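Using our numbering, the first residue of the sequence shown is number 34, and each one after it goes up by one.
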Amino acid sequence: MEYKFPDGFLWGSATSAHQVEGGNFNDWTEWEHANSERLAAEAARRHAKTHMRIPDYILERYPNPLQPENYISGKACDHYNRYEQDFDIAKSLGQNAHRFSIEWSRIEPEEGKFSEAEIEHYRKVILALRQRGLEPFVTLWHWTNPTWFAKRSGWLNKDSPKYFERYVNKITLSLEDVKVNFWITLNEPEVYVGASYFSGQWPPQKSSLISGIKVYQNLIKAHQLVYKKIHQISGNSLVGTAKNNSFYEPFSDYLLDRLVVRLNHYLRNEWFLNKIKNYQDFIGLNYYFHDRVKFSLTLKSPGGIFVRNKNKNESINNLGWEIYPEGIYRVLKDLKKYDKPIYITENGLADANDEKRAKFIKEHLRWVHKVIQEGVDVRGYLYWSLLDNFEWDKGFWPRFGLVEVDYKTTERRIRSSAYEYAKICKNNALEI
Ligand code: FCB
34 MEYKFPDGFL WGSATSAHQV EGGNFNDWTE WEHANSERLA AEAARRHAKT HMRIPDYILE
94 RYPNPLQPEN YISGKACDHY NRYEQDFDIA KSLGQNAHRF SIEWSRIEPE EGKFSEAEIE
154 HYRKVILALR QRGLEPFVTL WHWTNPTWFA KRSGWLNKDS PKYFERYVNK ITLSLEDVKV
214 NFWITLNEPE VYVGASYFSG QWPPQKSSLI SGIKVYQNLI KAHQLVYKKI HQISGNSLVG
274 TAKNNSFYEP FSDYLLDRLV VRLNHYLRNE WFLNKIKNYQ DFIGLNYYFH DRVKFSLTLK
334 SPGGIFVRNK NKNESINNLG WEIYPEGIYR VLKDLKKYDK PIYITENGLA DANDEKRAKF
394 IKEHLRWVHK VIQEGVDVRG YLYWSLLDNF EWDKGFWPRF GLVEVDYKTT ERRIRSSAYE
454 YAKICKNNAL EI
């Protein structure tokens, strides 16, 4: 059976600066150096418990979760120097779009001082994509901050939206000549607020509801400001965010279970999008999670607020995240109410042995196709990620790439699932 996608559908993959470039210096870099030993020791403690043993196929690779160097981004995939070869690979795999991010700390390493050399670097990156027929989706902020900004309380500072606007102003003016069609202002604002200001896992490791709300409001404001700014500078560009929406489902019919579904859906899926609904030309969707939830009195839990996760987990990835393709359909159906074109700006899995990736992609795309047939305006799919990369506080061991990276040599090896995905990209159709 062949499932055709609409003409002009965009096919590609995504990365973010800090996760692939190497040689960055930002608030995460500082945090990694301060926390790598702790993170490795925590992994060792978990590994010592029989039911949490890290499987051999993960321990055999370099770096593994027990090694402190796993948690230091360092030279990462050296994509900063190897982007041309990496884009050659993307092109050879039939892709016609690519999402990457500009690293704010490179552009503005000191407050108000911009690096023309780094701007030039990203101009070359955009041109390299265009030369290969890859449409650039340019993210302006993918979680990392310049150290001067972090020292001024980062996104808690009431002037943070202004600082961000100044950087975006500089970038969009400077890159006006290369005409970026798709700007993504912020990546997953609610995930950042949750992990950095609410659960206290990521830098700056705050654990305060009030701070979290303030940061959220500043991010909303920042998006609104730069939405206007980008339109003033280059009227024809399209501006959106990359929003992580999950499919929430109640564990039972009990009122409380249904209520926590509503609450989490509202706070995590809708809040930000409602606030920016008059300031977006498209919606970027990052889909990873399905949460079948039961009410619980614990405020903070992995699946959301006041929930206990009751997923069946019939199939999981290397991080233990459930694989639930139907969820992408449910989430997309729900996004139809915003009446904007939708691009899937991330969807993928950690799968070191490449056992489930091809099936994962095909099953998700089968649901994407169905939702398009039912009238939802989805215009592109960007797999996360082109390359194995630095997965934040988990470090390098989770392998999300279509392309495997050997972190000792930075050599690339195309996985077999990448060829399966390439067939879909080249035919603009899924065959199953
Ligand atoms: C998303 C992030 C991305 C990557 C994937 C696995 O939440 O945007 O950087 O870490 O998860």
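The beta carbon of each residue, even a glycine, is placed where N, CA and C say it ideally should be.
Model, not experiment: these values are computed from the prediction.
Look at the Cβ atom of residue 314, then the Cβ atom of residue 342, and state whether they are nearer than 8 Å. no
Are the Cβ atoms of residue 99 and residue 77 separated by less than 8 Å? yes
By alpha-carbon positions, which one of 417, 405, 430 ends up nearest to residue 38? 405
Quick one: complete alpha helix (DSSP H) runs, 4+ long, within the segment 41 to 121? 50 to 53, 60 to 81, 89 to 92, all fully within the segment 41 to 121.
Would you check if the distance between the CB atom of residue 376 and the CB atom of residue 413 is smaller than 8 Å? A contact, by the Cβ cut-off of 8 Å.
Can you find the residues in the same chain that come closer than 7 Å, C-beta to C-beta, to residue 455, ignoring five residues on each side of it along the sequence? 126, 127
On the criterion of 16 or more Cβ atoms from any shown chain inside 10 Å, does residue 370 qualify as buried, or is it exposed? exposed
Rounded C-alpha distance that separates residue 59 from residue 408: Computed Cα separation, rounded: 43 Å.
Is the beta carbon of residue 445 sitting closer than 8 Å to the one on residue 243? no
On the DSSP bridge assignment, give the partners of residue 277 in chain order. The partner list for residue 277 (beta bridge, DSSP) reads 319.
Expected contact under 8 Å - CB spacing of residue 52 and residue 423 to nearest Å: 5 Å
8 Å Cβ cutoff met for residue 219 and residue 264: no
Based on Cα-Cα distance, which residue from 294, 259, 274, 275 lies nearest to residue 283? 294
On the premise that residue 428 lies in contact with residue 29, defined as a C-beta separation below 8 Å, what is that separation, rounded to the nearest angstrom? Outside the shown range of the chain (34 to 465) lies residue 29, about which nothing can therefore be said.
DSSP state of residue 383, grouped into three classes? It is coil, neither helix nor strand.
If distances are taken between C-alpha atoms only, which option among 392, 262, 403, 330 comes closest to residue 365? 403
Using only the alpha-carbon positions, how far apart do residue 203 and residue 106 sit? Their backbone Cα atoms lie some 27 Å apart in a straight line.
Tell me whether residue 417 counts as near the ligand FCB, meaning its Cβ is closer than 7 Å to at least one heavy atom of that ligand. Relative to the non-hydrogen atoms of the ligand FCB, the Cβ of residue 417 comes within a distance shorter than 7 Å of at least one.
Residue 442 classed as buried or exposed, judged by whether at least 16 other C-beta atoms fall within 10 angstroms: It is exposed - the Cβ of residue 442 has fewer than 16 other Cβ atoms within 10 Å.
Kindly give me the distance between the Cβ atoms of residue 231 and residue 333, rounded to whole angstroms, as I take these residues to be in contact under 8 Å. Indeed they touch by this definition, with Cβ atoms about 7 Å apart.
Anyone know if the C-beta pair for residue 111 and residue 420 falls short of 8 Å? no
What's the C-alpha gap between residue 398 and residue 463? 8 Å
Given the structure, does residue 282 come close to the ligand FCB, in the sense that its CB is under 7 Å from one of the ligand's heavy atoms? no
Whole-angstrom distance between residue 245 and residue 308, CA atom to CA atom: CA-CA distance, residue 308 to residue 245, rounds to 16 Å.
Please confirm whether any heavy atom of the ligand FCB lies closer than 7 Å to the CB of residue 414. no
Pick out whichever of 64, 357, 41 has its Cα sitting closest to the Cα of residue 236. 64
Please state whether DSSP places residue 140 in a helix, a strand or coil. helix
Considering Cα atoms alone, identify which of 140, 216, 254 is closest to residue 195. 254
3 or more residues per run - each beta strand (DSSP E) lying fully within the segment 142 to 217: 168 to 174
I think residue 276 touches residue 317, with their Cβ atoms under 8 Å apart; what is that distance to the nearest whole Å? 6 Å
Could you give the residue range of the alpha helix (DSSP H) that holds residue 449? It spans 449 to 460 - the alpha helix (DSSP H) in which residue 449 sits, taken as one unbroken run.
Rounded to the nearest angstrom, how far is the Cβ of residue 67 from that of residue 415, given a contact under 8 Å? That belief does not hold up - the Cβ atoms of residue 67 and residue 415 are roughly 32 Å apart, past 8 Å.
Look up residue 259 in the DSSP assignment and say whether it is helix, strand or coil. helix
Rounded to a whole number of angstroms, what is the C-alpha to C-alpha distance between residue 227 and residue 44? 30 Å
Any heavy atom of the ligand FCB closer than 7 Å to the CB of residue 294? Outside the cutoff, so no.
DSSP state of residue 287, grouped into three classes? Coil, per DSSP.
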